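Some notes on the structure that comes next.
Protein chains in written order, with the numbering used here: chain A, 1 to 251; chain B, 252 to 365.
Now the structure itself:
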């Protein structure tokens, strides 16, 4: 949008309507930006807390794993690695949530059946193994929670940046421009009105002058006629005036 | 939809998570985990990271911080939402928030907010 528009009453109303729209949009977007900011701060805190917790749960899990090696020997590692099935038993379910108008992915753990069909060859240390499995599962749960929070954070952060950009664009570019246009049209219209007014006055003045002149002239001729004793010349009778004609049979 | 959890880390970490049931190996011998030993090259780690994050069916990539450090620049560049990359401590290295790429971004955000 470069330059000004044609100054007329129509464009004035149109521009005013656009300005109103921009102002409403600005208010709404600001609310959205604030809501996002609040959400982000909440999630931030949760992430930090959970990551600290993660340190603890993983330490415990690793510790229990050491217990397994102690009980069942080192080649457990090899067995586990070799015995990985063709389909993971613990997966994450991917859901999309709507938070403050932003689509956020949410993860939750999905456990499928046929767990532990491997590792049947391990007679020793079965209990320790189960303990270790439990602790790692717990750690995994915690990590999935953190993953959810992290993605939520990234998504909200992105959305907040975009919203703030829009708010600023409206506030510093669109609305001032529209206000300028409104002012411009208003001044132009005022000026046109003034010109019109001046022109009208001038025309009235010249008309008035003409009438005055004619009156003066009529007065003069009347006076002259009176002075010379002749009857004042009457205005000639027009033949077009309707006169009663007795010869008209039908009228 | 269902998605996987990948893990890149030392033997113990990977074993542990495999116990929890996240492991999967398909017919082409492609797995969703990488055991990093002193013999593993950085290129192998990079390739695994890139492969895992490009997969459509992966939601989370767990990576131990020591391994993460070796491909720190890749992690700092990584901006995508899905999959999420999570840095985890390992048996020998406790969690260090000052190195975690995502944590750094978060802390920067917090300081900007204040």
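Even for Gly, the Cβ is constructed at its ideal location relative to N, Cα and C.
Bear in mind the structure is a predicted one, so any value in this text is a computation, not a measurement.
Contacts around residue i, its chain only, beta-carbon distance under 8 Å, and the 5 residues preceding and following it disregarded
| i | result |
| --- | --- |
| residue 26 of chain A | 167, 170, 171, 175 |
| residue 96 of chain A | 103, 104, 105, 106 |
| residue 147 of chain A | 92, 107 |
| residue 316 of chain B | 338, 339, 340, 341, 344, 346, 347, 350, 351 |
| residue 163 of chain A | 29, 32, 33, 36 |
| residue 238 of chain A | none |
Alpha-carbon to alpha-carbon, residue j and residue i
| i | j | result |
| --- | --- | --- |
| residue 136 of chain A | residue 266 of chain B | 10 Å |
| residue 76 of chain A | residue 69 of chain A | 7 Å |
| residue 129 of chain A | residue 48 of chain A | 31 Å |
| residue 165 of chain A | residue 33 of chain A | 10 Å |
| residue 184 of chain A | residue 205 of chain A | 32 Å |
| residue 303 of chain B | residue 284 of chain B | 9 Å |
| residue 79 of chain A | residue 287 of chain B | 17 Å |
| residue 261 of chain B | residue 307 of chain B | 25 Å |
| residue 83 of chain A | residue 276 of chain B | 9 Å |
| residue 202 of chain A | residue 249 of chain A | 54 Å |
| residue 256 of chain B | residue 159 of chain A | 26 Å |
| residue 322 of chain B | residue 156 of chain A | 26 Å |
| residue 100 of chain A | residue 110 of chain A | 27 Å |
| residue 90 of chain A | residue 289 of chain B | 29 Å |
| residue 44 of chain A | residue 314 of chain B | 21 Å |
| residue 98 of chain A | residue 335 of chain B | 18 Å |
| residue 182 of chain A | residue 354 of chain B | 49 Å |
| residue 365 of chain B | residue 161 of chain A | With a pLDDT of 46 at residue 365 of chain B, under the threshold of 50, the modelled position of this residue cannot be trusted; read the value that follows with caution. Roughly 16 Å between the two C-alpha positions. |
| residue 73 of chain A | residue 253 of chain B | 35 Å |
| residue 94 of chain A | residue 309 of chain B | 10 Å |
| residue 262 of chain A | residue 207 of chain A | Residue 262 of chain A lies beyond the residue range present for chain A, which begins at 1 and ends at 251; the question has no answer from this structure. |
| residue 144 of chain A | residue 180 of chain A | 53 Å |
Residue range of the alpha helix (DSSP H) that includes residue i
| i | result |
| --- | --- |
| residue 163 of chain A | 126-169 |
| residue 327 of chain B | 323-328 |
| residue 331 of chain B | Run containing residue 331 of chain B: none; DSSP gives neither H nor E here. |
| residue 302 of chain B | 293-305 |
| residue 172 of chain A | Here residue 172 of chain A belongs to no alpha helix (DSSP H), and DSSP marks it neither H nor E. |
| residue 77 of chain A | 76-82 |
Residue i Cβ short of 6 Å to the ligand ZN heavy atom set
| i | result |
| --- | --- |
| residue 186 of chain A | The ligand content of the structure shown is nil, which means the ligand ZN is not present either. |
Backbone secondary structure at residue i - three-state DSSP
| i | result |
| --- | --- |
| residue 338 of chain B | strand |
| residue 250 of chain A | coil |
| residue 95 of chain A | strand |
| residue 260 of chain B | strand |
| residue 216 of chain A | helix |
| residue 43 of chain A | helix |
| residue 121 of chain A | The predicted position of residue 121 of chain A is uncertain, since its pLDDT is 45 and thus under 50; a value taken from the coordinates is nonetheless stated next. If DSSP states are grouped into helix, strand and coil, residue 121 of chain A belongs with coil. |
| residue 288 of chain B | coil |
| residue 90 of chain A | strand |
| residue 254 of chain B | strand |
| residue 276 of chain B | strand |
| residue 349 of chain B | coil |
| residue 8 of chain A | coil |
| residue 238 of chain A | coil |
Same chain, Cβ closer than 7 Å to residue i, neighbours up to 5 away in sequence not counted
| i | result |
| --- | --- |
| residue 123 of chain A | Any reading at residue 123 of chain A is ruled out, since the residue's pLDDT is 49, under 50, leaving its predicted position unreliable. |
| residue 178 of chain A | 15, 18, 19, 22 |
| residue 139 of chain A | 57, 58, 61 |
Own chain partners of residue i with C-beta closer than 6 Å, once the 5 adjacent residues on each side are dropped
| i | result |
| --- | --- |
| residue 186 of chain A | none |
| residue 356 of chain B | none |
| residue 5 of chain A | 11 |
| residue 131 of chain A | 64 |
| residue 46 of chain A | 149 |
N- and C-terminal bounds of the beta strand (DSSP E) containing residue i
| i | result |
| --- | --- |
| residue 110 of chain A | 102-111 |
| residue 313 of chain B | 309-315 |
Practice problem: Evaluate the contact criterion for the segment 27-42 of chain A versus the segment 214-225 of chain A: three or more CB pairs, one atom per stretch, below 8 Å. | Solution: The answer is no - the segment 214-225 of chain A does not touch the segment 27-42 of chain A, with fewer than three Cβ pairs under 8 Å.
Quiz prompt | Cβ pair count under 8 Å reaching 3, the segment 21-35 of chain A against the segment 323-330 of chain B | solution = Taking a cut-off of 8 Å for Cβ pairs, the segment 21-35 of chain A and the segment 323-330 of chain B do not touch, as fewer than three such pairs fall below it.
Quiz item: Counting Cβ pairs, one atom from each stretch, are 3 or more of them under 8 Å apart for the segment 269-279 of chain B and the segment 294-301 of chain B?
Solution: Touching, no.
Quiz item: Below 8 Å, can you find three or more Cβ-Cβ pairs linking the segment 184-201 of chain A to the segment 47-65 of chain A?
Solution: No contact exists between the segment 184-201 of chain A and the segment 47-65 of chain A.
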